Amino acid sequence: MAPHFSAQRVSLIFGGLFVFFITFAFTFNDSLRNHVLPGRPHTSKSKSSSQLNSETKLHVLLPASRGAVDMCKTLLTGAILGYPTPTLIAWGGIFMEDNTLGGGSHIAKISGVKDYLDAMDPSTDDDLILMMDAYDIWLQLPPEVLISRYYSMNAKANKRLATKLGQAYDKEDIRQTIIFAAGKRCAPNKLHTIACYPIPDSPLPDDTYGSNTDTVMGRNKYTSLKQRYLNSGYIIGPRRDLRKLFHRAAEKVESTPALDPWDNGSGEANNMYRGSDQSIFSTILGEQEYQREVLRRRHLTKEERLLGKEKPTPHQIEGTIIADPLNPPYTHEPGESKKGRPDEYGIGLDYFSDMGLQTVNAEEDMEFLLYNTSITEQVQQRQHHFHGIFDCPNRIGQDLAGDILESQPPQTALTGSGHWNELPLASNLCTGTVPVMIHHNGDKNARAWQWPMTWMQPLARELMRDIVSKNPPVPGLKGIGGAYLPGGGYLDWQTLCPSNYEYELFRDVEPPEEAPPPA
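In terms of UniProt numbering, the sequence shown opens at residue 1 and continues consecutively.
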């Protein structure tokens, strides 16, 4: 007679195997990187006009004070794709300030990241640091694509800056080196503040949303706006430049009064917009853009002034025309014309969603697409099921971008040609890009119902087993699974993602008696 195993015993055996597979899967990711703790970086050879054949090291920081199943999705997608083991910033912090976002945790990540960057060895100045939200982001493309895009995006942005700034571009040595996520709203800051009105127009096409582009016509008043404003969901840049930026942000936190003198009477701007780190970074960007326009005018030649070059190109902010970004035609927080470039931090934005897709006010801009099937038919089928009178014109072509095709997908996920076109990839229909990551800053419930739509989730357990079978554990290697802490400590996968998370992560076991805590 065949032996009989109780359901409880089978569950324990299965759970034990799962922990084994997961922990050694993460071990594999770190065994490729022979660097000191904490936060072992990923090394990639990225080619660009400025850094041909140079090695770029990547470190990942996740501001997170506590565990949650949605953080484990971030960890899982990074592990499958070979990202470096992240470092958790502000882990275990207790944040209970009244009337602040996350009890004060949003502002705390500024000081936490600043301290981490300060503690890094000066030899890492050129290393890339990727800081991203711990609870809202899924990675879908490997780190070599992210690194390659970082350099190509900066190269394109610097060409635009050279054209716009004229002689100030070289004389003041203005270059983009830091990239933030981009959103459609200047939020939470008020439109009359320095964080909003100096922000230049987006380089996205003026017909991104057809004739509705940059109007209030859409699913709501923001959905037809081009991405133009800073979102702090992810930031990437060299340690040297990010350290300078985070020091400035920390100074802003200390110097900003509790009662904002430019609050509109609602009280919403007080206490740094309820402790919003995004409000601080948006203000820094606004001051940078204000001063860039000052410098552009300052370096005009006499001939250029005679030709009227001093007059800027007008832009609008939610329908209001701004003829002069240094002096908008409404009550506003004044900027300051300064000597030199004290407000220059090299900040730019991910306008085209090359790095990530923000879902807030853009849920309908995204679709999971298979690139070995007719894109046109998939988009038409989507339009048949949804009443999308305000949908953007589709700009996704049939062929994937070269940087994706040149990278290697996990082979276990493939069954046919061995290419990315076999896998469903979240795609921005409006910009024609396949982003490296998805940032769920819109509908938070989508973190549950969209999770099985990714290429990673249905194969996650199998992918982990494949990594283990091909890469046996390295004896004595510190750091199995999970994440590092800034002081060099380590939290393994089982600690961060206990067994009652398995149902939500893998969808191949029975639901737990107690649901995982929400993010």
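Cβ coordinates follow ideal geometry from the N, Cα and C atoms, glycine included.
Please read these numbers as outputs of a predicted model, since none were measured by experiment.
For Y351, which of P511, Q411 and R160 has the nearest alpha-carbon? When each option's Cα is compared against that of Y351, the closest is R160.
Where in the stretch 385-461 do unbroken runs of the alpha helix (DSSP H), each at least 4 residues long, occur, reported from the N-terminal end onward? Qualifying alpha helix (DSSP H) stretches, in chain order: 402-405 and 446-449.
When the Cα atoms are used, what is the spatial distance from G308 to S337? So the two alpha carbons sit approximately 20 Å from each other.
R298 and A168 look like a contact to me (Cβ under 8 Å); what is the Cβ gap, rounded to whole Å? Going by Cβ atoms, the distance from R298 to A168 rounds to 7 Å, so yes, they are a contact pair.
Three-state secondary structure (DSSP) of K73: The three-state reading of DSSP puts K73 in helix, counting H, G and I together.
Range covered by the alpha helix (DSSP H) that runs through F506: Residues E502 to F506.
Is H59 buried or exposed, if buried means 16 or more other CB atoms sit within 10 Å of its CB? So H59 ends up on the buried side.
Per-residue burial, V216 [other beta carbons within 10 Å of its own, 16 or more giving buried]: A residue is called buried when at least 16 other Cβ atoms come within 10 angstroms of its Cβ; V216 does not meet this threshold and is exposed.
Identified DSSP bridge partners for Q358: Bridge partners of Q358: H439.
Do three or more CB pairs link the stretch 397-408 to the stretch 362-378 at distances below 8 Å? Short answer: they touch.
Give me, in chain order, the residues of the same chain whose beta-carbon lies closer than 7 Å to that of R175; leave out the 5 immediate sequence neighbours on both sides. Scanning its chain for C-beta atoms nearer than 7 Å, with the 5 sequence neighbours on each side dropped, one finds around R175 the residues N158 and G346, in chain order.
Of the choices E55, D70 and D133, whose alpha-carbon is the least far from that of A90? Answer by Cα proximity: D133.
Is the beta carbon of P334 closer than 9 Å to that of D324? Taking the C-beta atoms as reference points, P334 is found no nearer than 9 Å to D324.
Can you name the start and end residues of the beta strand (DSSP E) that N231 belongs to? From DSSP, the beta strand (DSSP E) with N231 extends over Y229 to P238.
Identify whether Q176 lies in helix, strand or coil by the three-state DSSP scheme. Judged by DSSP in its simplified three-state form, Q176 adopts coil rather than helix or strand.
Whole-number beta carbon distance between P486 and Y83, since they are thought to touch under 8 Å: With a Cβ gap of about 18 Å, Y83 and P486 do not count as contacting.
Please report the residue range of the beta strand (DSSP E) in which E344 lies. Element bounds for E344: n/a, residue is neither H nor E.
Am I right that T177 and G237 are in contact with their C-beta atoms under 8 Å? What's the rounded C-beta distance? About 5 Å separates the CB atoms of T177 and G237; that is less than 8 Å, so the two are in contact.
Going by C-alpha distance, which of Y209, Q457 and Y234 is nearest P393? Per the Cα distances, Y209.
8 Å Cβ shell around R9 - same chain, five flanking residues per side excluded: Confidence in R9 is poor, its pLDDT being 42 and thus under 50, which makes the residue's placement too unreliable to answer from.
Would you kindly report the start and end of the unbroken beta strand (DSSP E) that includes L130? DSSP places L130 inside the beta strand (DSSP E), whose first and last residues are L128 to M132.
Taking all protein chains shown into account, decide if H385 is buried (16 or more other Cβ within 10 angstroms of its Cβ) or exposed. Flag for H385 reads exposed.
Could you check the C-alpha separation between E172 and L81 for me, to the nearest Å? Going from the Cα of E172 to the Cα of L81 covers about 39 Å.
Look at N428 and M355 and say whether their C-beta atoms are less than 9 Å apart. Cβ distance not < 9 Å, so N428 and M355 don't count as in contact.
With a 10 Å radius around its C-beta and 16 neighbouring C-beta atoms as the bar for buried, classify Q358 as buried or exposed. The residue is buried, with at least 16 neighbouring Cβ atoms inside 10 Å.
Is P516 helix, strand or coil when you go by DSSP? DSSP places P516 in coil when its eight states are reduced to three.
R240: which of I129, W138 and I194 sits nearest, CA to CA? Shortest Cα-Cα distance from R240 to any of I129, W138 and I194 involves I129.
Candidates I107, A162, S211 and R243: closest to D126 by CA position: Taking D126 as reference, the option from I107, A162, S211 and R243 with the minimal CA-CA separation is R243.
Answer yes or no: do Q278 and N327 have a C-beta to C-beta separation smaller than 9 Å? No. Outside cutoff.
Leaving out five residues before and five after G92 in sequence, what residues of the same chain have Cβ atoms less than 7 Å from its Cβ? Excluding residues up to 5 positions away in sequence, S65 lie with their Cβ nearer than 7 Å to the Cβ of G92 in the same chain.
Beta-carbon contacts of T124 that lie in its chain and below 6 Å, excluding the five residues immediately before and after: In chain order, R239 place their CB closer than 6 Å to the CB of T124, counting only its own chain and leaving out the 5 sequence neighbours on each side.
Quickly, what does DSSP pair M366 with across the bridge? List them, please. DSSP lists N428 as partners of M366.
Verify whether the separation of the beta carbon atoms of A258 and F281 is less than 9 Å. Taking 9 Å as the Cβ cut-off, A258 and F281 do not qualify as a contacting pair.
Nearest-angstrom Cα distance between G286 and E310? Going by the C-alpha atoms only, they are around 20 Å apart.
Would you give the residue range spanned by the beta strand (DSSP E) that W138 belongs to? Element bounds for W138: I137 to L139.
By the three-class DSSP mapping on this structure, what secondary structure does Q167 have? Annotated three-state conformation of Q167 is coil, per DSSP.
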